[in-house]
Amino acid sequence: MQRQFDDPEFKRVSRRQILKLTPLVALGAFAIPQAQDYLLGRGTAFTDWAAAKLFRTGHLAPTYPDSALTPLNRFKFNSYDTNTPEIDPDWSLEVSGMVSKPGDYSLDDLRRLPKISQNTRHVCIEGWDLVANFAGARMSDFLKLIGADPNARFVYVECADDYYESLDMEAAMHPQSLLCYEMYGKPLEAGHGAPLRWSLPTKIGYKSAKYLTSFKVTNVLTQRSYWGDQGYSTYADI
Amino acid sequence: MSDDEKKAPASAGVGPESPRSQEARPLTVAPEIRPSPGGESTSAGTAPPLPGWPEAAEGRHSAAPVPAAEPSLAAPVPEGAAQIGSAVLQPRRPEFVAAYEHSAVVRFCHWLNAVALLVMMTSGWRIFIAFPSFGPKIPEHKLVNIPGAITLGGWLGGALQWHYTFMWVFTATGLIYVMYLVASGEYKVMLFRPRDIPGVWPMVRHYFFFGPEPKQTGPYNALQKLAYSTIVLCGALSVVTGIVILRPVQLSGLAWLMGGFHLARIWHFVAMCGFVAFIPGHLVMVALHGWNNFMSMVRGWKKNPEYL
Numbered sequence: 161m162q163r164q165f166d167d168p169e170f171k172r173v174s175r176r177q178i179l180k181l182t183p184l185v186a187l188g189a190f191a192i193p194q195a196q197d198y199l200l201g202r203g204t205a206f207t208d209w210a211a212a213k214l215f216r217t218g219h220l221a222p223t224y225p226d227s228a229l230t231p232l233n234r235f236k237f238n239s240y241d242t243n244t245p246e247i248d249p250d251w252s253l254e255v256s257g258m259v260s261k262p263g264d265y266s267l268d269d270l271r272r273l274p275k276i277s278q279n280t281r282h283v284c285i286e287g288w289d290l291v292a293n294f295a296g297a298r299m300s301d302f303l304k305l306i307g308a309d310p311n312a313r314f315v316y317v318e319c320a321d322d323y324y325e326s327l328d329m330e331a332a333m334h335p336q337s338l339l340c341y342e343m344y345g346k347p348l349e350a351g352h353g354a355p356l357r358w359s360l361p362t363k364i365g366y367k368s369a370k371y372l373t374s375f376k377v378t379n380v381l382t383q384r385s386y387w388g389d390q391g392y393s394t395y396a397d398i
Numbered sequence: 273m274s275d276d277e278k279k280a281p282a283s284a285g286v287g288p289e290s291p292r293s294q295e296a297r298p299l300t301v302a303p304e305i306r307p308s309p310g311g312e313s314t315s316a317g318t319a320p321p322l323p324g325w326p327e328a329a330e331g332r333h334s335a336a337p338v339p340a341a342e343p344s345l346a347a348p349v350p351e352g353a354a355q356i357g358s359a360v361l362q363p364r365r366p367e368f369v370a371a372y373e374h375s376a377v378v379r380f381c382h383w384l385n386a387v388a389l390l391v392m393m394t395s396g397w398r399i400f401i402a403f404p405s406f407g408p409k410i411p412e413h414k415l416v417n418i419p420g421a422i423t424l425g426g427w428l429g430g431a432l433q434w435h436y437t438f439m440w441v442f443t444a445t446g447l448i449y450v451m452y453l454v455a456s457g458e459y460k461v462m463l464f465r466p467r468d469i470p471g472v473w474p475m476v477r478h479y480f481f482f483g484p485e486p487k488q489t490g491p492y493n494a495l496q497k498l499a500y501s502t503i504v505l506c507g508a509l510s511v512v513t514g515i516v517i518l519r520p521v522q523l524s525g526l527a528w529l530m531g532g533f534h535l536a537r538i539w540h541f542v543a544m545c546g547f548v549a550f551i552p553g554h555l556v557m558v559a560l561h562g563w564n565n566f567m568s569m570v571r572g573w574k575k576n577p578e579y580l
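For the record, the sequence lines run as chains A and B.
Counted the way the working numbering counts, the first sequence spans residues 161 to 398.
Counted the way the working numbering counts, the second sequence spans residues 273 to 580.
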């Protein structure tokens with residue numbers, strides 16, 4: 161489109177056109193420190209919300225042949241747990257919350273459930289990834305064993321190293337979500353969370369909590385996630 | 273442009289809106305020839321045609337800046353004008369031609385996307401610092417050392433929040449922009465096609481090796497078309513690979529198409545490199561082409577575009 165103008169008209173038209181762009185000024189809110197945390201929190205929450213819409217309960221994470229495995233000694237475990245916590249020799253998992261059979265569950269109780277071994281990709285929030293072998297009981301089987309209320313919203317775990325983590329019930333019921341007690345065919349090493357850890361192929365790495373000591377089925381979370389409470393996504397789906 | 277400057281005749285492109293254009297056409301060719309006073313009843317001014325007029329390519333560069341215009345300030349009230357008191361009301365007198373180069377949708381998307389891209393790149397660099405490699409974690413080979421000072425977010429978690437928030441702005445504006453271009457047909461002026469290939473080298477020669485300036489025949493030259501088409505592709509690549517990096521399991525099919533999580537991360541980085549290459553070139557070109565050209569992305573209209 162072309163047309164002729166005289167100067168006043170051009171100024172008038174220009175002004176009107178520039179005014180159309182004023183909504184862009186709203187972006188300036190991100191520069192205000194007090195508003196910034198809130199807005200970024202909302203943005204991240206919106207991303208989590210969209211991810212939850214995307215979550216497909218029956219969709220399995222890809223699994224890989226043994227040839228694709230990263231050797232166990234090249235499986236980095238995070239700096240948070242370089243100081244391996246002391247584990248009680250009489251270790252048991254303390255189960256509580258919305259379950260019909262609360263109490264202490266031993267490793268043998270878990271071993272009696274069907275054992276699942278799978279080679280899945282472990283994706284770290286930092287950007288690295290590797291394929292590793294995890295084996296253990298399906299969390300869905302364990303939830304059945306303890307008589308968990310299927311309408312509960314979350315599973316919440318605490319760890320021997322004061323780490324804590326939560327999981328939405330959908331992900332907990334996912335057939336590849338494991339209460340893992342073996343990696344690469346051997347009992348868990350100290351660095352990888354002995355005696356019991358989560359392995360969650362549908363979640364980012366930090367959700368797979370290690371050194372589990374308590375397991376709670378609940379609708380209310382007072383703490384959501386060790387890293388989630390510091391600014392990472394709590395939902396953390398991949 | 274001052275009021276004294278006489279409206280120059282329009283080029284053929286101006287069309288029916290300038291009924292007097294034919295009449296006035298000779299003026300552009302020979303700036304020194306002026307109409308006799310009152311020769312055009314509706315034209316109050318007596319200024320010569322403007323430097324900078326479309327078809328007056330010669331006059332544009334040779335004409336002195338409006339020397340003859342000065343006397344018109346003192347010129348008598350022309351016949352066609354009404355006089356009320358001391359005010360002289362003159363019939364509207366078009367002064368220059370302008371082209372509407374960028375619609376409001378395009379300008380809105382451009383600036384919103386520009387801000388989002390800046391946030392995505394600077395926060396992306398911070399995310400990359402957490403693992404600046406494409407190899408294994410053990411042993412880790414640091415690929416590039418990005419100074420933290422040019423990044424956004426302060427730490428990985430903060431940068432991810434910026435990234436997770438502005439990815440929506442970046443994607444939405446990019447989608448709206450592309451859909452608008454396709455729906456309106458405006459993509460035709462900027463899409464790089466095989467027939468534009470011969471025009472690339474002359475532009476490169478002109479910009480980088482002081483070659484002659486190729487004649488501009490449209491809003492965008494071949495090199496611009498190449499740059500803008502490529503950068504839209506970079507944007508699409510960064511979005512698709514970003515989705516795969518974010519959801520490699522839920523969208524495992526798409527991840528497989530991209531060669532998996534690991535390769536998607538590399539392509540995501542490549543798209544970023546495309547932006548790093550494009551932005552300085554784009555900014556330098558905008559600076560070299562001046563305020564009027566820059567303002568066309570703000571107000572939509574470009575005064576006296578060089579291709580008319």
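Glycine included, every Cβ here is placed at the ideal spot set by N, Cα and C.
Please read all numbers here as calculations on a predicted model, not as lab measurements.
For residue i, collect the residues of the same chain with a Cβ closer than 8 Å to its Cβ; drop the 5 residues on either side in sequence, then sort them by chain order.
i	result
B/I469	A494
A/M161	none
A/D389	Q383
A/W288	K236
B/E412	F403 and S405
Is it the case that the Cβ atoms of residue i and residue j are separated by a distance below 9 Å?
i	j	result
B/F566	A/K180	no
A/F215	A/D397	yes
A/L232	A/E349	yes
B/I515	B/F550	no
B/F442	A/G203	no
A/K370	A/W387	no
A/I247	A/P355	yes
A/D301	A/L273	yes
A/P222	A/T280	yes
A/I285	A/G365	yes
A/F190	B/W573	no
B/F406	B/R571	no
A/R163	B/Y372	yes
B/K409	A/L290	yes
Compute the Euclidean distance between the alpha carbons of residue i and residue j, then round it to the nearest angstrom.
i	j	result
A/A292	A/L184	46 Å
B/W563	B/K575	11 Å
B/G531	B/L384	31 Å
A/A186	B/G553	28 Å
A/K367	A/L360	7 Å
A/L267	A/K261	16 Å
A/V173	B/F482	37 Å
B/A402	B/L518	16 Å
B/E546	B/I422	The question names Glu, but residue 546 of chain B in the sequence shown is Gly. Using only the alpha carbons, I get a separation of about 18 Å.
A/D226	A/M343	13 Å
B/L505	B/V511	10 Å
B/H540	A/R298	34 Å
A/R271	A/A332	18 Å
B/W325	B/Y579	Annotation note: pLDDT 39 at B/W325 (below 50); position unreliable, coordinate value reported separately. Approximately 10 Å between the Cα atoms of the pair.
A/H282	B/A370	58 Å
B/V454	A/R234	49 Å
B/V608	B/Y500	Outside the shown range of chain B, which is 273 to 580, sits residue 608 of chain B, and nothing can be said about it.
A/R175	A/F314	54 Å
B/G396	A/P249	45 Å
B/F533	A/D322	31 Å
B/R467	B/K497	11 Å
With hydrogens ignored, establish whether the beta-carbon of residue i is closer than 8 Å to any heavy atom of the ligand ADP.
i	result
A/P335	Although the ligand ADP was asked about, the structure shown includes no ligands whatsoever.
Here's a check: name, in chain order, each residue in its chain whose Cβ is nearer than 7 Å to the Cβ of residue i, leaving out the five neighbours to either side.
i	result
A/E318	Y324, T373 and S374
B/V461	G490, P491 and Y492
B/M569	H374, R379 and H382
A/Q278	T223, F294 and Q336
A/P193	none
Can you give me the Cβ contacts of residue i inside the same chain, cut-off strictly under 6 Å, excluding the 5 residues immediately before and after it?
i	result
A/G296	L338, L339, C340 and Y341
A/H334	T362
A/V259	I306, G307, A308 and V377
B/G425	S395, R398, A431 and W434
B/P577	A371
Along the chain, where does the alpha helix (DSSP H) containing residue i start, and where does it finish?
i	result
B/Y449	L428 to S456
B/Y459	Y459 to M462
Taking the beta strand (DSSP E) that residue i falls in, what are its first and last residues?
i	result
A/D328	Y324 to D328
B/N385	Counting along the chain, B/N385 falls outside any beta strand (DSSP E), though it belongs to the alpha helix (DSSP H) covering A376 to A402.
*Assess, as a yes-or-no matter, whether the region 252-270 of chain A is touched by the region 374-386 of chain A under the definition of 3 or more beta carbon pairs within less than 8 Å.*
Touching, yes.
_Touching by the beta-carbon criterion (3+ pairs, under 8 Å), the region 382-395 of chain A and the region 422-435 of chain B_ = Flag = yes, the region 382-395 of chain A and the region 422-435 of chain B touch.
*Inter-stretch contact at 8 Å, needing at least 3 Cβ pairs: the region 481-499 of chain B / the region 524-542 of chain B*: At 8 Å Cβ cutoff, the stretches do not touch.
*Quick check: the region 440-452 of chain B against the region 369-380 of chain B, are there 3 or more CB pairs under 8 Å?*
As far as the Cβ criterion goes, the region 440-452 of chain B touches the region 369-380 of chain B, which means the pair count is three or higher.
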